[in-house]
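Residue numbers (our numbering): 4 to 312.
Glycine residues also receive a C-beta, built at the ideal position from the N, C-alpha and C atoms.
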Amino acid sequence: MIGSWQDNFRTRIPSLASFFRRVSGDRRNFAYDLLPLFASPGRRSFVARRLAALRPKTPGLTPSATARAWHAQLERDGIVPAIPAIDGAHVAALRRYFEGIPCLDPYRAHLGSFAFDAPASPETNMGYYNARQILAAPGFLDLFNDPVILETAELYLGCKPLLDNIGAWWSYPGRPAAKGTQRYHRDLDSFGGFKMFIYLTDVDAAAGPHVFMKGSHRSPLLPTGRACSDEAVRASFGVENEIAVTGSAGARFIADTFAFHKGLLPGQGRRLLLTAQYNVNASPHLPAPPPVPSRGGYDADVNQLIMRR
Ligand SMILES: O=C(O)CCC(=O)C(=O)O
Ligand SMILES: [Fe+2]
């Protein structure tokens, strides 16, 4: 299960000097580096509830019936696999946008950036866009400020969420081995939260669907911080609780990625995914200071990591 106190401490903190250096460089590293010490669901929610008490709330929140239903499903399963898709014209605009800008394999950054359909090497499993590129995508803020999603997040966290940790990447087919997030893992980005995922290509069983182990978000079984085998995850949680999320381009789903999950290595077809996280505390993943100039029409608390006040 979870390792010793010392092992957990050292996961992100090789020395106290490096910890203080990282925290003085970016305050968000304080919680992030200590997260492995709070890797059990009980300890995480203990801290998350206390952090939520300090965060802003929507006065007189009256969540829609849909948000209440998604919240209940998220509590029970950790995932809401089918929420209404985004419209076809928006998907097409996003596809055109991402296909027109370069991406990068951070594990082979020396190979430089490349076009979406020309990965830098046969060993390049994924081609990533950076936060600034993603924030400039058409309609990004509207997509991720969907009022029903924000209501669901406030119900789940007990405070307004922080829109955080945005990502977009291609997964390339036919690579020799699954790598990184293509193997079962838990995310340890914050004390509580969930991600919204949007497929921007059609994703069938062969095109690298997201695979998720229902219920594992509330379980202390198996370690955090490293990939686990399919056998270990299935033995712990039951193969009947494993779901693969397929869908056409534009399909959306939300998932508490403290649960075991992975994005399968595609057998055929490239997969393009867009995602962001709704967190109770800030992760250090977004560039600081907030990259987007202040603008009206969006909740300043929810968007404080993205948008200057
Ligand atoms: O590629 C996927 O479907 C999952 C990626 C992942 O692990 C994550 O976004 O946390
Ligand atoms: Fe993940």
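Just measuring C-alpha positions, the residue of Trp173, Leu146, Pro164, Val305 sitting nearest Pro122 is Trp173. In the three-state reduction of the DSSP assignment, Ile137 falls in the helix class.
Listed in chain order, the non-local C-beta contacts of Pro164 below 8 Å within the same chain comprise Leu153, Ala156, Glu157, Gly196, Tyr281, Asn282, Val283, Val305, local neighbours out to five positions each way being set aside. For Asn282, no alpha helix (DSSP H) encloses it; the enclosing beta strand (DSSP E) starts and ends at 274-282. Taken in chain order, the unbroken stretches of alpha helix (DSSP H) that lie wholly in the stretch 105-178 and span 4 residues or more are 134-138, 143-147, 150-160.
For Phe215, the closest alpha carbon among the candidates Ala258, Tyr202, Gly253 is that of Ala258. Scanning Asp149, Lys198, Ala42 for the CA closest to the CA of Gly300 turns up Asp149.
Pro179 is classed as exposed because its beta carbon has fewer than 16 other beta carbons within 10 Å across all chains shown. Between ligand 1 and Asp190, a heavy atom-to-CB distance of less than 8 Å is present. Taking the Cα positions, Trp8 is about 39 Å away from Tyr202. Look at Arg189 here: in three-state DSSP terms it is coil, with no helix or strand label. At least one heavy atom of ligand 2 lies closer than 8 Å to the C-beta of His264. Rounded to whole angstroms, the Cβ separation of Ala210 and Gln271 is 7 Å, and the two are in contact under 8 Å.
At least one heavy atom of ligand 2 lies less than 8 Å from the C-beta of Thr260.
In this structure the stretch 183-190 touches the stretch 228-240; the number of beta carbon pairs closer than 8 Å is three or more. It is roughly 41 Å from the alpha-carbon of Ala95 to the alpha-carbon of Phe41. The beta carbon of Gly142 sits closer than 7 Å to those of His93, all from its chain and outside the five residues before and after it, given in chain order. Thr227 has its CB no nearer than 8 Å to any heavy atom of ligand 2.
In the DSSP assignment, the residues bridged to Gly250 are Val206.
In the three-state reduction of the DSSP assignment, Arg30 falls in the coil class. Beta-bridge pairing by DSSP links Glu245 to Met216. Its Cα nearest to that of Tyr175, the residue Ser124 stands out among Ser193, Ser222, Ser124. Looking only at Ala134, Ala118, Pro17, Ser48, the smallest Cα-Cα distance to Ala279 is reached by Ala134. Taking Gly103 as reference, the option from Pro109, Gly91, Asp120 with the minimal CA-CA separation is Asp120.
Residue pairing of His74 in beta bridges, as defined by DSSP: absent, with no partner found. Checking the DSSP bridge columns, you'll see Gly196 partnered with Asn282. Between the stretch 242-260 and the stretch 78-87, the count of C-beta pairs closer than 8 Å reaches three or more; the two stretches touch. Taking Pro269 as the centre and dropping the five residues before and after it, the same chain places the C-beta of Ser174, Pro176, Ala210, Gly211 closer than 6 Å to its C-beta, in chain order.
At a cut-off of 8 Å, the beta-carbon of Thr184 counts as near ligand 1: some heavy atom of the ligand is closer than that.
Beta-bridge analysis with DSSP links Gly266 to His213.
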